[in-house]
Amino acid sequence: MRVSRIKFVLATLAITLLFSSTPAIATEAPVIDYCAKKTTGKVRAITEGTCTKKERSLGAGPIVRGETHPSALVPQFKARYEAAKAAAKKKGHTLAITSGYRSLERQEMLYQRAIKRHGSAEAASKWVLPPEKSNHPWGIAIDINYGVGGTKGKKAAAWLEKNGYLYGLCRRYENEWWHFEPLVAPGQQCPVMEPYAS
Ligand SMILES: [Zn+2]
Numbered sequence: 538m539r540v541s542r543i544k545f546v547l548a549t550l551a552i553t554l555l556f557s558s559t560p561a562i563a564t565e566a567p568v569i570d571y572c573a574k575k576t577t578g579k580v581r582a583i584t585e586g587t588c589t590k591k592e593r594s595l596g597a598g599p600i601v602r603g604e605t606h607p608s609a610l611v612p613q614f615k616a617r618y619e620a621a622k623a624a625a626k627k628k629g630h631t632l633a634i635t636s637g638y639r640s641l642e643r644q645e646m647l648y649q650r651a652i653k654r655h656g657s658a659e660a661a662s663k664w665v666l667p668p669e670k671s672n673h674p675w676g677i678a679i680d681i682n683y684g685v686g687g688t689k690g691k692k693a694a695a696w697l698e699k700n701g702y703l704y705g706l707c708r709r710y711e712n713e714w715w716h717f718e719p720l721v722a723p724g725q726q727c728p729v730m731e732p733y734a735s
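Each number in our numbering corresponds to the 1-based position in the sequence shown with 537 added.
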C-alpha cells in the first residue's frame, strides 16, 4: 500500500514537472513579411497572409544576390526605397535615386573611367567596384541624391542613413554617404560601416 502511494506521488510529480517545463505562452509565429503603407511608408510585420493592395511587400530578411543578374532593381529592394521615400517626404526630405541598377557593361565602363581618374585599379575600387564585385549590376544597390539637391540632398541622405534600417536599408561605406544596400530585415540594426569598397 505504502509503496504504491509513493509511486503515485512520484508519477504525479514527474507529470507536473513535464508540463511545467513547456512555456505557458506559445512562442510567437515567425514574421513572414514586412508591409509598408504606400502613402506613409509605415511598416508592420505579418505572420500570415500577404500585404494589402495599399501596402508594399518589403521582405522579411536581408536582400541578397539572385541566381542571375537582373535587368532592373530587385522589386522588394525598390519597394523598400519607395517606403523610405514616402516616410522621408513626411519629414520634409526628398530622396532620389541618382544611380540604381547598372548593366555589367556600364559598371565596366565606370570602373575603367575610375581607374584612369584614380591612377590604379586598387584606388579606383574604393569608389567604383569592378562589375563582378559591385552590387549595382545585381540590382541591390542604390546611390541616393549624389550630385543632386546640394546640401538639402545630402541632409536627406543623412536622414536615410539614420532611419533606413526601419525599411531594411543601410549605408554601407564610410566614404560614400550616398550608397545604400538592403543589408538587414526591416527594423534590424545595420552592420557597422566598412571604410570603403574593396
Ligand atoms: Zn553605389
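Beta carbons are placed, not taken as given, at the ideal position from N, Cα and C, and that holds for glycine.
- Going by DSSP, Arg593 is part of the beta strand (DSSP E) stretching over Glu592 to Ser594.
- For Leu641, the closest C-alpha among the options Arg617, Glu669 and Trp714 is that of Glu669.
- In the structure shown, the three-state DSSP call for Ile634 is strand.
- Annotated as distal: Arg593 and Ala625, with beta-carbon spacing of 7 Å or more.
- In this structure, ligand 1 has a non-hydrogen atom nearer than 6 Å to the beta-carbon of His716.
- Annotation for Asp680 indicates a beta carbon within 6 Å of some heavy atom of ligand 1.
- Assigned with DSSP and collapsed to three states, Ile583 falls in strand.
- Pairing Pro723 with Tyr571 gives a Cβ-Cβ distance under 7 Å.
- For the beta strand (DSSP E) assignment, the uninterrupted runs of no fewer than 3 residues enclosed by the stretch 609-682 are, from N- to C-terminal side, 634-636 and 679-681.
- Arg708 counts as buried, since at least 16 other C-beta atoms from the protein chains shown sit within 10 angstroms of its C-beta.
- If you draw a 10 Å sphere on the C-beta of Lys622, you find 16 or more other C-beta atoms in it, and that means buried.
- Rounded to whole angstroms, the separation of the alpha carbons of Lys689 and Ala616 is 23 Å.
- Cβ neighbours of Glu585 within its own chain (closer than 8 Å, five residues either side excluded): Ala566 and Ile569.
- A check of alpha carbon separations from Arg643 across Trp675, Ile583 and Ala582 identifies Trp675 as the nearest.
- Spanning the alpha carbons of Lys699 and Lys692 requires a straight line of approximately 11 Å.
- DSSP places Lys574 within a strand segment (E or B) once states are collapsed to three.
- For Thr587, the closest alpha carbon among the candidates Ala573, Gly578 and Thr577 is that of Ala573.
- In this model, Leu706 and Trp714 are separated by some 13 Å (Cα to Cα).
- When the five nearest sequence neighbours on each side are left out, the beta carbons in the same chain lying within less than 6 Å of the beta carbon of His606 are those of Pro674, in order along the chain.
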